[in-house]
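Numbering (the numbering used here), first residue to last: 26 to 661.
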Amino acid sequence: MSIASVAANRRYLVPGEPSRRTGLALLCAVLVAYFGISFDNFFTVSNGLTILMNISAIAIAAIGAMFLLVSGNVDLSIGGQYALISVITAQFAKDSGNVVLAVAVGLLAGLVLGLTNGILVRYMKISPLIVTLGTMAVFKGLAYLVSEGRSVFGFSEAFIFLGRARINEVPLPVIVAAVLFVLGGFWLLRTPGGLRLFAIGGNAQAARLTGVNVDWVIVRLYVLNGLLMGVVAVLTTARLGSGTPQIGTSFELDVLTAVILGGVGFAGGSGHPAGVFVGVATIGVLSSGLIFAGLEDWWQQISKGLVLLLALGADQIAEHRRARSVRREAPAEPDPTPGAPPGAGASAAQEYGLDRETGHQPGPVVLRVEGLARRFGPVFALRDGTFSVRAGEVVCLVGDNGAGKSTLIKLISGVHRPDAGRIELGGAPVDFGGPIDARRAGIETVHQDLAVCPNLGVAHNLVLGDEPRRRLFGFIPVRDDGAALARTRERLASLGITLTDLNRSVGRLSGGQRQSVAIARAMKEGVKLIILDEPTAALGVTQTRNVLRIARQAADNGAGVILISHDIRTVFAVADRVVVLRLGRVVYDDTIERVTHTRLLHLMAGLETVDGPDGPAGDEATLDAAESGTTVLKGH
Ligand SMILES: Nc1ncnc2c1ncn2[C@@H]1O[C@H](COP(=O)(O)OP(=O)(O)OP(=O)(O)O)[C@@H](O)[C@H]1O
26 MSIASVAANR
36 RYLVPGEPSR
46 RTGLALLCAV
56 LVAYFGISFD
66 NFFTVSNGLT
76 ILMNISAIAI
86 AAIGAMFLLV
96 SGNVDLSIGG
106 QYALISVITA
116 QFAKDSGNVV
126 LAVAVGLLAG
136 LVLGLTNGIL
146 VRYMKISPLI
156 VTLGTMAVFK
166 GLAYLVSEGR
176 SVFGFSEAFI
186 FLGRARINEV
196 PLPVIVAAVL
206 FVLGGFWLLR
216 TPGGLRLFAI
226 GGNAQAARLT
236 GVNVDWVIVR
246 LYVLNGLLMG
256 VVAVLTTARL
266 GSGTPQIGTS
276 FELDVLTAVI
286 LGGVGFAGGS
296 GHPAGVFVGV
306 ATIGVLSSGL
316 IFAGLEDWWQ
326 QISKGLVLLL
336 ALGADQIAEH
346 RRARSVRREA
356 PAEPDPTPGA
366 PPGAGASAAQ
376 EYGLDRETGH
386 QPGPVVLRVE
396 GLARRFGPVF
406 ALRDGTFSVR
416 AGEVVCLVGD
426 NGAGKSTLIK
436 LISGVHRPDA
446 GRIELGGAPV
456 DFGGPIDARR
466 AGIETVHQDL
476 AVCPNLGVAH
486 NLVLGDEPRR
496 RLFGFIPVRD
506 DGAALARTRE
516 RLASLGITLT
526 DLNRSVGRLS
536 GGQRQSVAIA
546 RAMKEGVKLI
556 ILDEPTAALG
566 VTQTRNVLRI
576 ARQAADNGAG
586 VILISHDIRT
596 VFAVADRVVV
606 LRLGRVVYDD
616 TIERVTHTRL
626 LHLMAGLETV
636 DGPDGPAGDE
646 ATLDAAESGT
656 TVLKGH
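Okay, structure coming up:
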């Protein structure tokens, strides 16, 4: 299938796992029907407009709450922001009589409050629940302080008009809410930015390693949330004709209930604006129905609280069901290939059914590291990392626990900076400020547990951080999921990976398939070096074989490959060269043909040095020799 026809077939994929709570929304629809039948005036245009007017504030705030929850965050302080922005705006509207200034001050106040939350949450690494619980109290208190506990009124007609204007009988706040909601929903579903929110909510660490600037995204989300609260507060203050510190009481309850009821998972990474719309409408209808029923305010509180608990309970049930179905759906590993029993004299490559070319000739050196060293406080994690990798070559990095393997690859992939030594890529020295620099230079790393976002589909995972884009109607920038599918198909095909549904959540794939997707993502155009950190850990025989085959294929496609493994059989199955690290030093570096299983195990365990079994044996001897730098064996 050509790229063009794939793109034409499917140009848009919904990000994240689908919401599984349509049932709850239907239950709420029944509630609507009940109120409609019970009260004569419930289904009238004027009551409809009143409900819309009342929920316009919730709808606007729900956009920010939806974005935050999808990204795994929350803001409990929106009620406090509402009150504080309301009294500040009211004070300015009263004192200056200038509508534009009052609106600008209201929005600016929202921006500042949002920024405060964002900075506290991200950079102080405190739980968003606790931070915003604290700022909720502070903002509320400040609202009373600024207004001295009184309502502020006496605005110009022009300012009040903002909140009371109608266009074709539809109140302006309803129109503003509708426009913002549609824009927000569209952004979340159709743009690269929206996809990244789902990615952060699914696995923030994986998103970060893919190149998404998670901290900055979260700060911006809180700022946007504050701005939206600015809009809510300005419109409501204008409509009511006064700003009061009492406004916004339990507003966070209404908004969060609507959003969670609408199917946005509290754990992050899932949700859909259509569901949130139903949630917002339901809260509006419920409030209105309770007023029709003549129930006191506290009954409203009780019923909304119960609905929130119900929604959270449903969220938990949905999460359990999702986890169960993931376990059920994850493909079971087929039986090992008949006729290839492990051991029994077969070579490791044969054991895993891999074709090994004999006399394989690697290309030019892509990576050369020399004398890399790194310490963490008093711990020397790495003393002397010296080796090189050629194009088309799989280099296995082995060593006992704590030997320094992870530290070495973290230096190469830009996670840490070396204290000493040099890294050369393609013959030129490089100095990475972070993982993004290393990726830009052509080094891709597949981390063991953090490689993928389980809630995103295969294609979305593959393009994350480098999403193809197109212009809708020639001018609106959106994701090009058709091109993402085409790129994914091509990439998987080049590595011989067969996956039929490219929109299937990666969390629903087997461990081996997940690793395959992560390696395929690393195999992007222009990649020079791929680092695979224990890609076969916890995999069965068949899945291990597939992953090793793909690693081999990646090298055959021209990249240099570094593979970390604790499993000697996989090393012998796939390696061209083997590098042994011991106590932070490279103690062996040679082609795989020149070492035996036993010798490699001995080298890793420090039972043998370069001098062979007859040389200075044992841990202490090796350590001493290693300390003096005499045991490093270079096979080339
Ligand atoms: N961020 C860190 N802070 C402090 N010590 C560290 C840090 N990272 C690694 N170390 C220490 O450096 C040494 C080497 O660790 P490293 O993780 O590189 O070894 P490894 O060979 O990858 O081990 P394993 O196979 O168990 O993952 C260990 O003693 C470890 O405790």
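Yeah, the Cβ is synthetic: ideal placement off N, Cα and C, and Gly gets one too. The model shown is predicted, which means the values in this text are computed figures rather than measured ones.
Beta carbon of GLY451: closer than 6 angstroms to some heavy atom of ligand 2? In terms of ligand content, the structure shown lacks ligand 2 and carries ligand 1 instead.
With 16 other Cβ atoms within 10 Å as the buried cut-off, status of ASN21: No answer is possible for residue 21: it lies beyond the span of the chain, which begins at 26 and ends at 661.
Thinking C-alpha only, which one of VAL531, ILE587 and MET548 is nearest ASP558? As a first step, residue 558 is located in the sequence shown; it is residue number 533 there, counting from the start. That would be ILE587, whose Cα lies nearest to the Cα of ASP558.
Cβ-heavy atom distance, ALA406 to ligand 1, below 6 angstroms: Walking along the sequence shown from the start, residue 406 turns up at place 381. Under cutoff, so the answer is yes.
Which of the three DSSP states is assigned to ILE587 in this structure? One-based indexing of the sequence shown puts residue 587 at position 562. Strand at ILE587.
On a Cα-Cα basis, can you pick out the residue from TRP323, LEU333 and GLY537 that is closest to GLY287? The sequence position of residue 287 within the sequence shown is 262, counting from 1. Of the candidates TRP323, LEU333 and GLY537, the one whose C-alpha sits nearest the C-alpha of GLY287 is LEU333.
Can you give me the C-alpha to C-alpha distance between PRO502 and LEU133, rounded to a whole angstrom? Taking the sequence shown and counting its residues from 1, one reaches residue 502 at position 477. Taking the sequence shown and counting its residues from 1, one reaches residue 133 at position 108. Using only the alpha carbons, I get a separation of about 27 angstroms.
Extent of the continuous alpha helix (DSSP H) to which THR616 belongs: Position 591 of the sequence shown, counting from 1, holds the residue named residue 616. Where THR616 is concerned, there is no enclosing alpha helix (DSSP H), although the beta strand (DSSP E) around it starts and stops at 610-616.
Please name the residue in ALA292, ASN193 and PRO270 whose C-alpha comes closest to that of GLN116. What you label residue 116 is simply residue 91 of the sequence shown in a count that begins at 1. Checking every option, the nearest Cα to that of GLN116 belongs to PRO270.
When the distance is taken between beta carbons, is ILE85 closer than 7 angstroms to LEU246? Translated into the one-based positions of the sequence shown, residue 246 becomes position 221. Translated into the one-based positions of the sequence shown, residue 85 becomes position 60. Between LEU246 and ILE85, the C-beta gap is not smaller than 7 angstroms, which leaves the two residues out of contact.
Cutoff 6 angstroms; reference LEU158; Cβ partners in own chain excluding five residues on either side: Locating residue 158 in the sequence shown gives position 133, counting from the first residue. Excluding positions up to five away in sequence, the list reads LEU101.
State yes or no: is the C-beta of SER243 within less than 7 angstroms of the C-beta of ASP279? One-based indexing of the sequence shown puts residue 243 at position 218. One-based indexing of the sequence shown puts residue 279 at position 254. Checking the displayed sequence, the identity of residue 243 turns out to be Ile instead of Ser. Taking 7 angstroms as the Cβ cut-off, ILE243 and ASP279 do not qualify as a contacting pair.
So, is LEU94 buried or exposed, given that buried needs 16 or more other C-beta atoms within 10 angstroms? As a position in the sequence shown, residue 94 is number 69, starting the count at 1. When all chains shown are included, LEU94 counts as buried.
Give every residue of the same chain whose Cβ lies closer than 6 angstroms to the Cβ of VAL552, excluding the five residues on either side of it in the sequence, and list them in chain order. If you number the sequence shown from 1, residue 552 lands on position 527. The residues are GLY467, GLU469 and ALA584.
Determine the extent of the beta strand (DSSP E) in which ASP120 is found, giving its start and end residues. Within the sequence shown, residue 120 is the residue found at index 95, counting from 1. No beta strand (DSSP E) contains ASP120, which is instead part of the alpha helix (DSSP H) from 103-121.
Residue from VAL440, ALA445 and PRO479 with nearest C-alpha to ALA463: Working through the sequence shown from its first residue, we reach residue 463 at position 438. Checking every option, the nearest Cα to that of ALA463 belongs to VAL440.
Considering SER431, what are the terminal residues of the alpha helix (DSSP H) in which it resides? Residue mapping note: residue 431 aligns to position 406 of the sequence shown, counting from 1. 430-437 is the extent of the alpha helix (DSSP H) around SER431.
For the segment 297-338, list the alpha helix (DSSP H) runs that are entirely contained and at least 4 residues long, ordered along the chain. Correct list: 298-317.
Under a three-way DSSP split, which group does VAL237 fall into? Residue numbering aside, residue 237 sits at position 212 when the sequence shown is read from its first letter. Looking at VAL237 - three-state DSSP - the assignment turns out to be coil, as it is neither helix nor strand.
Specify whether the segment 63-79 and the segment 494-512 touch according to this definition: at least 3 beta carbon pairs, one from each stretch, less than 8 angstroms apart. With the cut-off at 8 angstroms, the segment 63-79 and the segment 494-512 do not touch.
Given 8 angstroms, three or more beta-carbon pairs between the segment 304-318 and the segment 256-265: no
Hey, quick one: how far does the beta strand (DSSP E) through GLU449 stretch, first residue to last? By one-based count along the sequence shown, residue 449 stands at place 424. 445-450 is the extent of the beta strand (DSSP E) around GLU449.
Compute every distance between the C-beta of SER431 and the non-hydrogen atoms of ligand 1, then say whether any falls below 6 angstroms. To locate residue 431, count along the sequence shown from 1; it is residue 406. Result yes, Cβ under 6 angstroms from ligand 1.
For GLY370, which three-state DSSP category applies? If you number the sequence shown from 1, residue 370 lands on position 345. Any reading at GLY370 must be qualified, since the residue scores a pLDDT of 38, below 50, and its modelled position is unreliable; no value is offered.
So, are the CB atoms of TYR613 and LEU628 less than 7 angstroms apart? Sequence index remark: in the sequence shown, residue 613 carries index 588 (1-based). Sequence index remark: in the sequence shown, residue 628 carries index 603 (1-based). With contacts defined by Cβ atoms closer than 7 angstroms, TYR613 and LEU628 form a contacting pair.
Where does ILE555 fall in DSSP's three states? In the sequence shown, counting from the first residue as 1, residue 555 sits at position 530. Strand, per DSSP.
Shorter than 6 angstroms, the distance from the beta carbon of ALA484 to the closest heavy atom of ligand 1, or not? Here residue 484 refers to the residue found at position 459 when the sequence shown is read from its first residue. Flag unset: Cβ of ALA484 not near ligand 1.
Using only the heavy atoms of ligand 1, determine whether one of them is closer than 6 angstroms to the beta carbon of PHE401. By 1-based counting over the sequence shown, the position of residue 401 is 376. Result yes, Cβ under 6 angstroms from ligand 1.
Taking contact to mean 3 or more Cβ pairs, one atom from each stretch, closer than 8 angstroms, check whether the segment 392-401 and the segment 566-580 are in contact. Counting Cβ pairs under 8 angstroms, fewer than three are found: no touch.
DSSP three-state assignment for ASP340, whether helix, strand or coil: Against the sequence shown, residue 340 aligns to sequence position 315. If DSSP states are grouped into helix, strand and coil, ASP340 belongs with the helices.
Using alpha carbons as the reference points, say which of SER96, ARG264, GLY459 and LEU497 lies closest to SER181. The residue labelled residue 181 in the question sits at position 156 within the sequence shown. Cα-wise, what sits closest to SER181 is ARG264.
What's the call for ARG546, buried or exposed, on a 16-neighbour Cβ count within 10 Å? Counted from its first residue, the sequence shown places residue 546 at position 521. Its Cβ being crowded by 16 or more others within 10 Å, ARG546 is buried.
According to DSSP, is ALA562 part of a helix, a strand, or is it coil? For the purposes of this step, residue 562 is taken as the residue at position 537 of the sequence shown. Coil at ALA562, not helix or strand.
Between the C-alpha atoms of LEU422 and TYR37, what's the straight-line distance to the nearest angstrom? Counting from one through the sequence shown, the residue named residue 422 turns up at place 397. Counting from one through the sequence shown, the residue named residue 37 turns up at place 12. Here the C-alpha atom of LEU422 lies approximately 41 angstroms from the C-alpha atom of TYR37.
Residue nearest to LYS165 in terms of C-alpha spacing, selected from ILE113, VAL128 and PHE178: Position 140 of the sequence shown holds residue 165. The option with the nearest alpha carbon to LYS165 is ILE113.
Length of the line joining the Cα atoms of GLY218 and GLY490: Locating residue 218 in the sequence shown gives position 193, where the first residue counts as 1. Locating residue 490 in the sequence shown gives position 465, where the first residue counts as 1. Taking the straight line joining both Cα atoms gives about 10 angstroms.
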